[in-house]
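S.K.:
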Amino acid sequence: MVRFWTFTVKGSGAFPLDMLRYDSCYPASNAHPQGGYNDNLLNLGVCHHEKEYHMEREVVLVKHVSSKKETPTDGRWASFGWKVIKSTYTQY
Numbered sequence: 000m001v002r003f004w005t006f007t008v009k010g011s012g013a014f015p016l017d018m019l020r021y022d023s024c025y026p027a028s029n030a031h032p033q034g035g036y037n038d039n040l041l042n043l044g045v046c047h048h049e050k051e052y053h054m055e056r057e058v059v060l061v062k063h064v065s066s067k068k069e070t071p072t073d074g075r076w077a078s079f080g081w082k083v084i085k086s087t088y089t090q091y
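If you're matching positions, the sequence shown starts at 0 in numbering that gives the first Met the number 0 and goes up one per residue.
#1: Using only CA atoms, which one of Gly12, Gly74, Met54 and Ser23 lies nearest to Leu60?
#2: Would you give the residue range spanned by the alpha helix (DSSP H) that Trp4 belongs to?
#3: Taking just the CA atoms, how far does Ser65 sit from Met0?
#4: Please report the residue range of the beta strand (DSSP E) in which Tyr88 lies.
#5: If you follow the alpha helix (DSSP H) that Leu19 is in, where does it begin and where does it stop?
#6: Where DSSP assigns a beta bridge to His63, which residues make up the other side?
#7: In whole angstroms, give me the CA-to-CA distance for Arg63 and Arg56.
#8: Going along the chain, which residues of its own chain have a beta-carbon closer than 7 Å to the beta-carbon of Leu19, five neighbours each way excluded?
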């Protein structure tokens, strides 16, 4: 059985890359069974212009889990200025 959370974080400024490790997640891509967006990888990258840096953006992430209790850490994302705005648990 495969279990995972697909969740979206929203924020501006530097993306907290260490949260990928901390939450054991990765950007969604077309290789993900639920689909996703290739531009998620771009939203993680370095912004080339100051205007882009301050623009709010969304990144869809995937977290494989062994139980539904292993949710994304909303509070820790918020401590970096990014908010979990949507999360969906899937099991198949």
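Note that CB positions come from ideal geometry on N, CA and C, so glycine has one too.
Since the model is a prediction, treat every value here as computed from it, not as a measurement.
M.R.: On the basis of the coordinates in this document:
#1: Ser23
#2: Segment Arg2 to Gly10 is the beta strand (DSSP E) holding Trp4; no alpha helix (DSSP H) there.
#3: 9 Å
#4: Lys82 to Gln90
#5: Asp17 to Tyr21
#6: Phe3
#7: The sequence as given places His at residue 63; Arg does not occur at that position. Taking the straight line joining both Cα atoms gives about 23 Å.
#8: Tyr25
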